[in-house]
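Student: In this note's numbering, the protein residues as written are 120 to 556.
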Ligand SMILES: [Zn+2]
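Here it is in C-alpha cells:
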C-alpha cells in the first residue's frame with residue numbers, strides 16, 4: 120500500500136480545505152468554551168465567523184510567551200492552557216526550555232493517540248514498514264518527539280529498539296548485534312555516530328541501515344546528502360514542535376515536505392507583517408493549528424519556523440500543501456553588517472565542501488561598533504598539519520561567496536568544541552540587544 124490513509128492523502132484540495140475550515144470552527148468553539156486562554160483571547164469571535172481562509176486573519180496568533188504566562192494560573196502545572204478536566208490528563212510532556220521556562224503539555228489518552236496517528240503519516244510517508252527494525256539512539260525523557268516516534272512505529276507494525284542508556288559506542292555495537300535496519304536520528308547525532316563508527320574501524324554503511332528519519336534541527340540539503348553518502352541509505356526530514364506536534368514530513372520523492380492534512384491547518388505568512396500568505400517559492404513563517412487535539416487547544420500557533428512554500432503537487436500523488444524547504448528559526452535570522460544572515464547557509468557550505476570539518480561554531484560580536492563574524496572550526500585529527508592552513512583559506516573564500524560576509528576563521532584543536540545530540544547551538548550572537556536563543 121502506497122499511503123497510510125489513502126482517502127485523506129489523495130483528497131482534492133477543495134475538499135481538504137472545506138474539511139479544515141469546518142474542523143477549525145469546531146476547535147475554535149471548543150477552545151473558547153474550555154480554555155481560559157482562548158476564552159479571554161477570542162472575545163467577540165465565534166466559530167461561525169470563519170467561513171473562508173481569508174477570515175482566519177481576524178484571529179490573533181498565539182505564541183509561546185502567552186502559553187508560559189497562562190500556565191502560571193491554576194490548576195498546576197498547566198493553568199489556563201488546559202482544554203480538559205485535569206483528571207483526564209494521562210500524559211505529561213514539556214518543551215526543552217532552551218529559550219526560557221518550559222511549556223508543560225497536557226495530553227489526554229485520546230489526544231495523545233491523535234499525535235501518534237499524525238506521526239504514523241510521517242513514518243509511513245518516509246517508507247517505514249513492518250519489515251523495519253528501527254533503532255532509536257536516545258533517552259526520551261520528558262520530551263515528545265521520540266516517544267511519538269516510538270509509539271507510531273509500533274502502530275505501523277515496525278519493531279522498535281530503544282537505544283537510550285548506552286553511549287555512542289554501545290549504540291553502534293547494539294545496532295550490529297540486533298541487526299537494526301532503520302533509524303530515527305538528529306542530523307548532528309547521525310554524523311556523530313558515523314564519525315565514531317569510523318574511529319572504531321567500522322564503515323557506517325556496513326551497519327545495515329536502510330532508511331533514516333531525522334528531526335530536531337533544520338537539515339540543509341548538503342547535510343542530508345552527506346548522511347545518505349556515509350550510511351548509503353535514503354534520509355528523510357520532517358518538521359514539528361512540542362506544542363503543535365509534528366506537522367509535515369518528507370515522502371519518498373524527497374522533494375520538500377507534505378503538511379499532514381487535515382490534521383493541521385498550516386498558514387505560511389509573510390515574515391514582516393504576519394498577515395498574508397506567501398506565494399509558492401517565497402519564504403514565510405509557519406503558523407499551525409492542530410485541528411483534532413482538545414486537551415491543549417492551540418489556535419494559529421506561531422511556530423517561528425521559517426519555511427519556503429512549495430508547489431502543491433507531488434510525484435507521490437498526495438494532494439497536501441507542501442513546504443519546499445525549512446530555512447531555520449525566525450530568531451536565528453540576523454542582520455550582520457547590514458546583511459541578512461542565516462546560520463544554515465554556513466552549515467550548507469561546510470557539509471557540502473568541507474568533509475574534513477567535524478564541528479563548528481559561528482560567533483558574532485561587536486568590536487568598536489563593527490560587527491565581527493567568526494567561524495571556529497575543528498578538523499579531523501587525521502588531517503595533515505600542512506593542509507590545515509589550506510582548509511582555513513578555502514573556508515574563508517567559500518563563506519564569503521555564500522553569505523557576502525568576511526569571516527574571521529579560527530582553527531580549533533580536535534575535541535574543543537561542544538558536541539550535540541539534540542538542539543545543536545552552533546550560532547552565538549554576542550552583540551548587545553540581540554536575542555541569543
Ligand atoms: Zn510526495
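Ideal placement from N, C-alpha and C gives every residue a C-beta, glycine not left out.
These numbers were taken from a predicted model, which means no experiment stands behind them.
Got a sec? Which residues, its chain only, sit under 8 Å from residue 186 by beta carbon, not counting five neighbours each side?
Tutor: Counting only Cβ-Cβ distances below 8 Å, and skipping sequence neighbours, we find 156, 200, 222, 362.
Student: So, with DSSP's three-state summary, where would you put residue 318?
Tutor: helix
Student: Is the beta carbon of residue 302 less than 9 Å from the beta carbon of residue 255?
Tutor: yes
Student: Less than 8 Å between the CB of residue 437 and some heavy atom of ligand 1, yes or no?
Tutor: Relative to ligand 1, the beta carbon of residue 437 is positioned inside 8 Å of a heavy atom.
Student: Mapping the DSSP letters down to three states, classify residue 487 as helix, strand or coil.
Tutor: coil
Student: Find the nearest neighbour of residue 457 within the set 523, 406, 501, 154, judged by alpha-carbon distance.
Tutor: 523
Student: Comparing the CB of residue 324 with every heavy atom of ligand 1, is any distance shorter than 8 Å?
Tutor: no
Student: Kindly examine ligand 1 and report whether one of its heavy atoms sits closer than 8 Å to the Cβ of residue 377.
Tutor: yes
Student: Under 8 Å from any heavy atom of ligand 1, does the C-beta of residue 549 make it?
Tutor: no
Student: Would the beta-carbon of residue 384 fall within 9 Å of that of residue 408?
Tutor: Going by C-beta atoms, residue 384 is nearer than 9 Å to residue 408.
Student: I want to know whether the segment 131 to 146 touches the segment 260 to 273 - three or more CB-CB distances under 8 Å.
Tutor: no
Student: Work out the CA separation of residue 247 and residue 287 for me, nearest whole Å.
Tutor: In a straight line, the C-alpha of residue 287 is about 24 Å away from that of residue 247.
Student: Measure from the alpha carbon of residue 147 to the alpha carbon of each residue in 159, 132, 165, 516, then state which is nearest.
Tutor: 165
Student: If you draw a straight line from the alpha carbon of residue 556 to that of residue 120, how long is it in whole angstroms?
Tutor: For residue 556, the predicted structure reports a pLDDT of 42, less than 50, and the residue's modelled location is therefore unreliable. A value from the coordinates is still provided. Their backbone Cα atoms lie some 43 Å apart in a straight line.
Student: Do you know offhand how far residue 525's Cα is from residue 399's?
Tutor: 32 Å
Student: Once you ignore the five residues that flank residue 502 on each side, which residues in its own chain have a CB closer than 7 Å to its CB?
Tutor: 475
Student: Under a three-way DSSP split, which group does residue 154 fall into?
Tutor: coil
Student: Can you list, in chain order, the residues of its chain with a C-beta nearer than 8 Å to that of residue 406? Leave out the 5 residues immediately preceding and following it.
Tutor: 180, 385, 386, 387, 388, 393, 419, 420, 421, 422
Student: To which residues of the same chain is residue 265 closer than 8 Å at the C-beta, ignoring the five residues directly before and after it?
Tutor: 255, 257, 259, 303
Student: Closest Cβ-Cβ distance between residue 439 and chain E: below 9 Å?
Tutor: You won't find chain E in this structure, because it holds only one protein chain.
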